[in-house]
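Report on one structure; see the data block that follows.
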Amino acid sequence: MTASPRPPKTLEDWDARYADGNTPWDSGRPSTNLIRLLADHRVAPCRALEIGCGTGTNAIYLAEWGFSVTAVDISPRAIAAAQAKLADRDVKVDFRQADLTADPDVGGPFDFVFDRGVYHTLREHHLRELLAVLGRVTNPGATYIALAGNANESQPREGGPPRVRAEGMCAVLSPLFDLVSLSECRFDGVVIDGQALEPLAWAGVFRRRA
Numbered sequence: 012m013t014a015s016p017r018p019p020k021t022l023e024d025w026d027a028r029y030a031d032g033n034t035p036w037d038s039g040r041p042s043t044n045l046i047r048l049l050a051d052h053r054v055a056p057c058r059a060l061e062i063g064c065g066t067g068t069n070a071i072y073l074a075e076w077g078f079s080v081t082a083v084d085i086s087p088r089a090i091a092a093a094q095a096k097l098a099d100r101d102v103k104v105d106f107r108q109a110d111l112t113a114d115p116d117v118g119g120p121f122d123f124v125f126d127r128g129v130y131h132t133l134r135e136h137h138l139r140e141l142l143a144v145l146g147r148v149t150n151p152g153a154t155y156i157a158l159a160g161n162a163n164e165s166q167p168r169e170g171g172p173p174r175v176r177a178e179g180m181c182a183v184l185s186p187l188f189d190l191v192s193l194s195e196c197r198f199d200g201v202v203i204d205g206q207a208l209e210p211l212a213w214a215g216v217f218r219r220r221a
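In this note's numbering, the protein residues as written are 12 to 221.
Spelled out as structure tokens, the structure:
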């Protein structure tokens with residue numbers, strides 16, 4: 012299995028990656044950054060949305076900690092895998108296939124949103140649509156945690172996530188969200204062709220403006 016240097020763009024692209032198992036972003040474990048940030052910022056269980064949920068690991072983790080979770084992904088294959096994974100767990104998650112660029116119905120409103128990689132994937136061509144969804148489904152005071160590829164990464168680009176600059180990320184989110192914290196971290200690692208990948212990331216915590 013070799014990581015593709017071209018980020019998926021369409022539903023078919025994403026489905027093909029899940030069909031091939033070419034998903035270096037999917038460690039199969041709850042995000043250590045999510046766990047840390049929930050604790051650091053004392054995010055209590057509430058109505059939560061995960062965008063770009065993939066195979067559902069983080070959504071199920073949130074549900075097990077008492078959150079009422081809706082989780083969406085563009086890939087039907089990913090959602091099917093998430094639902095299969097959920098069948099073995101004693102919690103509920105509302106998994107939905109949804110294209111965030113097409114004004115989807117994702118429910119809500121929510122007091123917490125988790126985004127591992129959606130912002131950096133959509134920002135170049137579909138930022139307006141992403142912001143419209145976030146603005147529509149978040150309550151005033153809601154917490155938005157976004158993990159995004161970091162432009163300070165020194166490793167070669169091939170196979171890694173899109174990379175963004177901190178000032179750009181904060182600027183485009185500022186009409187909707189106040190910045191609470193922004194720190195450098197590493198995406199959780201996976202091994203592809205014997206190589207451990209832990210790309211440099213931004214961990215942003217934002218609060219929805221009133």
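We put the beta carbon where it would ideally sit given N, CA and C, even for glycine.
Remember, it's a predicted structure, so these values are computed and weren't measured experimentally.
With fewer than 16 other beta carbons inside 10 angstroms of its own, R53 counts as exposed.
Between R220 and Y155, the beta carbon gap of about 11 Å keeps them out of contact (Cβ cut-off 8 Å).
Contact annotation: G63 and A93 have beta-carbon atoms that are not nearer than 9 Å. Judged by DSSP in its simplified three-state form, W25 adopts helix. In the structure shown, P151 adopts extended strand secondary structure according to DSSP, grouped into three states. Shortest Cα-Cα distance from E23 to any of P41, D126, A89 involves A89. Listed in chain order, the beta strand (DSSP E) runs fully inside the segment 34 to 63 are 58 to 62, counting runs of at least 3 residues. Here P173 is not near A182, since their CB atoms are 9 Å or more apart. Contact between V148 and F123 does not hold, since their C-beta atoms are separated by about 11 Å, which reaches or exceeds 8 Å.
Cα atoms of G179 and D114: separation of roughly 24 Å, rounded to the nearest angstrom.
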